[in-house]
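The listed protein sequences derive, respectively, from chains A and B. Every letter in the first sequence is one number past the one before it in my numbering, and letter 25, counting from 1, is 25. Every letter in the second sequence is one number past the one before it in my numbering, and letter 425, counting from 1, is 425.
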Amino acid sequence: MGTAPERIIVTVLGKDRVGIIAGVASVLAEHNVNILDISQTILQEFLAMIMIADISRCSVDLNTLKERLAAKGRELGVRIDAQHEDVFLYMHRI
Amino acid sequence: MLTIQEILETIKMIQEENLDIRTITLGISLRDCADPDPQRCCRKIYDKITRLAARLVQVGEEIEQEYGIPIVNKRIAVTPIALVAEGSEVEDYLLFAQTLEKAAQAVGVDFIGGFSALVHKGFTRGDRLLIESIPEALARTERVCASVNVATTRTGINMDAVAIMGHIVKETAALTADRQGIGAARLVVFANAPEDNPFMAGAFHGIGEPECAVNVGISGPGVVKRAIENMPPDADLGELAEKIKKMAFKITRMGELVGREAARRLGVSFGVVDISLAPTPAVGDSVAEILEAMGIERCGAPGTTAALALLNDAVKKGGAMASSYVGGLSGAFIPVSEDAGMVRAAAEGALSLEKLEAMTSVCSVGLDMIVIPGDTPAATIAAIIADEMAIGMVNNKTTGVRIIPAPGKKPGDWVEFGGLLGRAPVIPVSRFSPAAFIARGGRIPAPIQSLGN
């Protein structure tokens, strides 16, 4: 993998509880993924958290990273997805 | 920087509202496969398809994973086989269909389109042989899709071809009677068939197309429906149109992204995004339900055609700006069995064949996935085709007919096709006969294009 920034968007949706950010951040750190931005909002009792991360130095491919995040999500009882940033940029920016 | 609301909107569209890419279709020219020896021709066809499409499914799955957007189908469209096969010294074209089937199977695609002929002005020997072999070809394959273009705005309607297609549709259904006539679900009769349509069963790779190109078909009725439901109940129709345009823009951008990426990874040119609202049998993923959300009690009620006209136009306006190249069918699809809302409307008697025909004059595609009684005469089927061709010819648009005369079934019976083809009630057809009109044959001349009232 090259070093040009390659950004993904990690979304976490589910019931809020202690340790969600720590859990997601630890998976990303383990694979050498740099978190660029975090924002979150609470909709009723549900948490929606979004992280923008740079995977250009990631130690595994995106699919493996997605699987690890999804597994962490199951452990935490939330849904975690990771998608290439272009999906959102294409849809919302001209 | 993207806002959290924008990101959540996209996620919601994919996870809750069935936003997906309906199909990545690889168009492949087979013109260089013609050969006097039919076996050698088939070998060239097989080799070329399996070489160019070898990575199609894999690339589709990679993109699906990386971008997190489902790509439902990966398919192949080829040069109309009549053009390729007629150079071969053989009468029966079944072997060409079987070759397409084998190639499709080898690369793992569920449908391959292009068992086709273009006969809007007349037949060549190859056209006739191809059309005659359609019933057998569809009965003995599972993935091959056939289409015949019998009319264009510039040439008129070849009524000889229309009459023959009435018989061919009926025979195709009869040969697949053990599967409720499903063969006819893979056969489309067209007016003004597009050369770059990615959607089955009518996809083929037209003669003006490059060697190989990726065309993408988008979907997303659920997204549009939800957007309309979330508007205030007193929002006027101009506001609805505005909203639909915005949603269509967003949906089409996904198609543009996926199409460009697929073309890049496959090393072929990017053709078009087909900006169609394609329903699936899943609840909520329905064009009929969009019209109902707009305020029509049941799809098919008075007002349906106007509502559909608004929807279709707004989708095109929003989509056209979102993609650099728009083509294919591009409009709202109204396949009855594939749309849960259409099925409900047909079952309740709100939606008739005649109303469906009226609807096709303002949206894309035509009479699609409609199940009619198995004892409908071939001349009546031909006349239904002729009416639909006339709508396409006069309005300068694509129309198609994909109807299934389900063997042994009567109005009110149900037919289950399963999967994306769905299920549908058999709807009644007029008992009055057009046989004498169809028997005349000949061509209906091309319509005048000025004096446009």
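Built from N, CA and C at the ideal position, the CB exists for glycine as well.
What residues are listed by DSSP as bridge partners for residue i?
i       : result
N149(B) : L118(B), F190(B)
P457(B) : In this structure chain B extends from 1 to 453, so residue 457(B) is not present and cannot be described.
S39(A)  : I50(A)
N73(B)  : T23(B)
T172(B) : In the DSSP output, where bridge partners are listed per residue, T172(B) has none listed.
D81(A)  : T11(A)
A401(B) : The amino acid occupying residue 401(B) in the given sequence is Val; Ala does not appear at that position. Answer by DSSP bridge pairing, in chain order: V189(B), L367(B).
A332(B) : L277(B)
G113(B) : A77(B), C145(B)
E292(B) : In the DSSP output, where bridge partners are listed per residue, E292(B) has none listed.
E326(B) : Correcting the residue type first, residue 326(B) is Val in the shown sequence and not Glu. Per DSSP, V273(B).
I444(B) : I157(B)
N34(A)  : D54(A)
I28(B)  : V78(B), C212(B)
Considering only C-alpha positions, which residue in the set the options is nearest to residue i?
i       : options                            : result
R125(B) : T152(B), Q98(B), Y93(B), R143(B)   : Y93(B)
N395(B) : N453(B), G238(B), A307(B)          : N453(B)
E66(B)  : V87(A), V18(A), K72(A), I38(A)     : V87(A)
F96(B)  : R298(B), T141(B), I370(B)          : T141(B)
C363(B) : E388(B), R179(B), L237(B), N312(B) : N312(B)
T155(B) : I131(B), A191(B), L129(B), I164(B) : A191(B)
V283(B) : E297(B), K245(B), A293(B), G222(B) : G222(B)
V268(B) : S361(B), R143(B), C212(B)          : C212(B)
M200(B) : S116(B), R226(B), N158(B), A227(B) : S116(B)
R443(B) : A163(B), G419(B), V188(B), F249(B) : A163(B)
A77(B)  : E209(B), L129(B), R128(B)          : E209(B)
I207(B) : R143(B), L329(B), A137(B), T79(B)  : T79(B)
T11(A)  : Q83(A), F46(A), R57(A), L36(A)     : Q83(A)
A332(B) : A346(B), G441(B), W414(B), T304(B) : T304(B)
L83(B)  : Q58(B), C41(B), G60(B)             : C41(B)
E64(B)  : L19(B), R344(B), L367(B)           : L19(B)
A161(B) : K121(B), D236(B), A139(B)          : K121(B)
G255(B) : T23(B), P232(B), T10(B), E16(B)    : T23(B)
P279(B) : Q39(B), G220(B), I81(B)            : G220(B)
I21(B)  : A435(B), M1(B), I427(B), N73(B)    : N73(B)
Q5(B)   : S39(A), L65(A), L69(A)             : S39(A)
G392(B) : V119(B), P407(B), L367(B)          : L367(B)
P36(B)  : K48(B), V90(B), T3(B), D47(B)      : V90(B)
K15(A)  : T41(A), E67(A), D61(A)             : T41(A)
Starting from residue i, trace the beta strand (DSSP E) in both directions and tell me its first and last residue.
i       : result
N63(A)  : Not the beta strand (DSSP E): N63(A) falls in the alpha helix (DSSP H), residues 62-76.
S269(B) : 269-274
N158(B) : 156-158
V474(B) : No statement about residue 474(B) is possible, as the shown extent of chain B runs from 1 to 453 and does not include it.
R423(B) : 423-425
N215(B) : 212-218
I'd like the span of the alpha helix (DSSP H) that includes residue i, first residue to last.
i       : result
V57(B)  : 56-67
L451(B) : L451(B) -> no alpha helix (DSSP H), and no H or E assigned at all.
R125(B) : 125-139
P38(B)  : 38-52
V415(B) : Where V415(B) is concerned, there is no enclosing alpha helix (DSSP H), although the beta strand (DSSP E) it sits in stretches over 414-416.
S26(A)  : 20-30
F249(B) : 237-266
H92(A)  : 86-92
Indicate, with yes or no, if the ligand GDP has a heavy atom lying under 7 Å from the CB of residue i.
i     : result
Q5(B) : In the structure shown, the ligand GDP is absent, as is every other ligand, since no ligand is present at all.
Anything in the region 142-159 of chain B with a Cβ closer than 9 Å to a Cβ of chain A? List those residues in chain order, please.
none
Could you list the residues in the region 227-260 of chain B with a C-beta less than 8 Å from some C-beta on chain A, going in chain order?
K250, R253, M254, E256, L257
According to a CB-to-CB cut-off of less than 9 Å, which residues of the region 76-87 of chain A neighbour chain B?
R79, D81, A82, Q83, H84, E85, D86, V87
Below 7 Å between beta carbons is the criterion; list the residues of the region 56-70 of chain B that meet it against any residue of chain A, in chain order.
Q65, E66, Y67, G68, I69
With 7 Å as the limit, tell me which residues of the region 11-22 of chain B have their beta carbon closer than that to any beta carbon of chain A; keep them in chain order.
Within the region 11-22 of chain B, the qualifying residues are I11.
Does the contact criterion of 3 or more C-beta pairs under 8 Å hold for the region 271-289 of chain B versus the region 336-343 of chain B?
Contact between the region 271-289 of chain B and the region 336-343 of chain B is established, with three or more Cβ pairs separated by less than 8 Å.
Answer yes if the region 322-335 of chain B comes into contact with the region 191-200 of chain B, meaning at least three C-beta pairs across the two stretches below 8 Å, and no otherwise.
yes
Cβ-based contacts, 8 Å cut-off: residues of the region 5-22 of chain A near chain B
I9, T11, L13
Near-chain A residues of the region 428-446 of chain B (beta-carbon distance less than 8 Å), N- to C-terminal order:
none
Within 8 Å, do at least three Cβ pairs link the region 269-277 of chain B to the region 208-219 of chain B?
yes
Are there three or more Cβ pairs, one per stretch, closer than 8 Å when the region 238-258 of chain B is compared with the region 299-317 of chain B?
yes
What residues from the region 53-76 of chain A come within 8 Å of chain B, judged by C-beta to C-beta, listed N to C?
L62, N63, K66
Under 8 Å: do the region 30-49 of chain B and the region 18-29 of chain A share three or more Cβ pairs, one atom per stretch?
no
What are the residues of the region 275-302 of chain B that lie near chain A, defined by any Cβ-Cβ distance shorter than 9 Å?
none
Should the region 133-150 of chain B be regarded as contacting the region 95-114 of chain B, the criterion being three or more beta carbon pairs within less than 8 Å?
yes
State whether the region 174-188 of chain B contacts the region 390-408 of chain B, with contact taken as three or more CB pairs (one from each stretch) at a distance under 8 Å.
Yes, the region 174-188 of chain B touches the region 390-408 of chain B.
Examine the Cβ distances between the region 67-78 of chain A and the region 33-45 of chain A and report whether three or more of them are shorter than 8 Å.
no
What residues in the region 26-44 of chain A have a beta carbon less than 9 Å from any beta carbon of chain B?
D37, S39, Q40, T41, L43
At a Cβ cut of 7 Å, what residues of the region 193-212 of chain B count as close to chain A, listed as they run along the chain?
Within the region 193-212 of chain B, no residue qualifies.
Say whether the region 377-394 of chain B touches the region 410-417 of chain B, bearing in mind that this needs 3 or more beta-carbon pairs closer than 8 Å, one atom from each stretch.
Three or more beta-carbon pairs separated by less than 8 Å are not found between the region 377-394 of chain B and the region 410-417 of chain B, which leaves the two stretches without contact.
Any residues in the region 118-134 of chain B with a beta carbon nearer than 8 Å to a beta carbon of chain A? Which ones, in chain order?
none
Answer yes if the region 349-363 of chain B comes into contact with the region 432-440 of chain B, meaning at least three C-beta pairs across the two stretches below 8 Å, and no otherwise.
no
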